Structures are given as structure tokens and as C-alpha cells.
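In the UniProt record's numbering, the protein residues as written are 1 to 254.
Ideal Cβ positions, reconstructed from N, Cα and C, are used throughout, including at glycine.
These numbers were taken from a predicted model, which means no experiment stands behind them.
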Ligand SMILES: Nc1ncnc2c1ncn2[C@@H]1O[C@H](COP(=O)(O)OP(=O)(O)OP(=O)(O)O)[C@@H](O)[C@H]1O
Ligand SMILES: [Mg+2]
């Protein structure tokens, strides 16, 4: 049997071309084009309501789009059906709220989708789940229920759960904004570790220190548009637009 070919570095794993999304007469995404290349970490920042979550949700087709195209690893996102489910499984998503099953153990939360969707045998799914728990620093919490864990620990379980599907890309939508301050770093450290392992990621965050140190590119959104797409050093020291300067002066003055 031949091993699967690794995706060549730099090849676009997520490609949005001229994507527009409206809610009624309101345009939430306005002609957005964006590539996330294999191995890249793209951080998305912007004011509340600028369209960051909508961007993530359209990539996973939790929202339909009105025009434009979205491709995952060269394949256009289908409207529905089995092909959609298959492509969706290639994109792991971690939200602000962890959405773990409260009555299941940590281990079950991680093994359920691989067993049901990918038909992975239980023993194999559990072995993989334990490996992932080790990786996110929770090896000793497998038999607990989510309510017995701190917020930071629950979010690390949610990350392990997403990784259990072996996604090609991970999307994070403000993964630390519901956490108490002392738990933010333990989650950011896990995400940093993933980044350095070569995982392709799109991360929406207000953590500017993280953006600056981990991002390969920073994408700044305003009113449904991508206004800047730049290397972090460039963006934070010399933003090209007044809109970005206004945004940065507001958040960095806190
Ligand atoms: N289901 C919906 N129906 C109507 N309007 C929506 C819906 N979802 C989002 N919107 C609107 O689209 C705009 C973009 O929302 P979105 O959630 O993408 O913003 P965001 O950048 O993620 O903001 P935040 O930083 O507050 O999370 C907002 O004005 C929002 O009110
Ligand atoms: Mg949001």
C-alpha cells in the first residue's frame, strides 16, 4: 500500500474567492477572498460585528453563502449530502463555548465522532484519544465529566476532540474569550504547540500578543471586508489603512 501523499507546503487548503454572505439586507461578508496555505497560521482580527465568526462558519458551511466559492484542499464545498459531511470532517472547529456533551466522559467526548463518522473501532479511537489528551496536558482526566473540569481544561478537551478527526485545517473562533484570565495561557500554549507541529490554522482572537508571536499572516476585517492581510510585524507596526490604525489604537490602549 502506498502512503498518503503529504500536502505540498504552500498549497491552499482553504480558498475563499469573492465570497458574499447576506443576512436579509445586511452584508456580513462582502466579496471576501482568502487563502490559507498548508502549514500556515492565519490570525483574523477585527471589531465586534466585522464578520469574523461568519467567515469561520461559512468555511464549515454552518452558513450558506450568497455568491463566490469556497474550496477545501482543492475541492469545492458542496451544498449538502455525503460529500459535504466528508469535507466538513476535514475542518476541525473550536468555538468560544466548548459544546462538550455534559453527561459523557472526557474520553467519550473525544471518541464519539471518530467512531460514528469515521467508523474507527473503539479500542483504536480510545488509544488515539488518550494520546491527544496527553498532548493537551489532560492525560489524567479521561474518565471525568466536562462539568468536573475548569473552563481551560474543557477547552483543551474541545481541541483534542477536534483533532481526533484528523482534520487538515483547524478553525478557532475566539477560543479563549470565555475563559478566566489565568486559564487563557494554558489554551494558547496548546494552540501554539499545534502551530509549531505544522497544523494549518485560522484563528480568530483578541489576544494580540499571541497573534504577533504565532501568526504567519494577520487578516484584519472591518464591515464584512478583509481590509488588510499582512505579516504580523508589518500589521502591528505599520498598518496600511486608517481603519486598522483606529482599531489598533483602541485595543492597544487598554
Ligand atoms: N444569523 C444571523 N442573522 C442575522 N445577522 C447575523 C447573523 N449572524 C451574524 N449576523 C450579523 O453579521 C454581522 C457579523 O457577525 P459576526 O458574528 O460574524 O461578527 P464577529 O466579527 O464574529 O463579531 P464578535 O467579535 O462580536 O464575535 C453582525 O452584524 C451580526 O449581527
Ligand atoms: Mg464572533
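Beta-carbon proximity check, residue i vs residue j, cutoff 9 Å
i	j	result
residue 68	residue 223	no
residue 201	residue 170	yes
residue 208	residue 236	yes
residue 160	residue 188	no
residue 220	residue 44	yes
residue 175	residue 157	no
residue 231	residue 216	yes
residue 192	residue 172	no
residue 114	residue 123	no
residue 94	residue 136	no
residue 244	residue 167	no
residue 162	residue 92	yes
Closer than 8 Å: residue i CB and nearest ligand 1 heavy atom
i	result
residue 68	no
residue 207	no
residue 39	no
residue 23	yes
residue 46	yes
residue 26	yes
residue 137	no
residue 93	no
residue 97	no
residue 183	no
residue 55	yes
residue 50	yes
residue 74	no
residue 224	yes
residue 221	yes
From the options, residue whose alpha carbon lies closest to that of residue i
i	options	result
residue 16	47, 59, 24 and 213	59
residue 179	151, 206 and 188	151
residue 129	111, 39, 228 and 12	111
residue 63	79, 49 and 73	79
residue 74	211, 12, 89 and 190	12
residue 108	134, 119, 91 and 144	144
residue 155	232, 97 and 53	97
residue 83	135, 92 and 72	72
residue 26	205, 210, 248 and 225	225
residue 183	153, 211 and 120	153
residue 23	66, 42 and 34	66
residue 34	210, 218, 250 and 85	218
residue 10	194, 30 and 37	37
residue 148	246, 100 and 46	100
residue 29	42, 54 and 163	54
residue 141	105, 121 and 127	105
residue 234	94, 213 and 56	213
residue 203	42, 185 and 14	42
residue 81	229, 94 and 61	61
residue 57	77, 103, 47 and 39	77
residue 116	86, 197, 18 and 253	86
Residue i CB to nearest heavy atom of ligand 2 below 8 Å
i	result
residue 79	no
Beta-bridge pairing of residue i - partner residues as DSSP gives them
i	result
residue 37	12
residue 228	220
residue 202	42 and 171
residue 22	27
residue 17	69
residue 32	19
**Asked** What are the complete alpha helix (DSSP H) segments, minimum 4 residues, inside the stretch 117 to 178?
**Response** 122 to 135 and 151 to 163
**Message:** List, from N- to C-terminal side, the alpha helix (DSSP H) runs of 4 residues or more that fit wholly inside the stretch 42 to 111.
**Reply:** 52 to 59 and 81 to 88
**Message:** Taking 7 Å as the limit, name every residue whose beta carbon sits nearer than that to some heavy atom of ligand 3, in sequence order.
**Reply:** Absent from the structure shown: ligand 3. Ligands present: ligand 1 and ligand 2.
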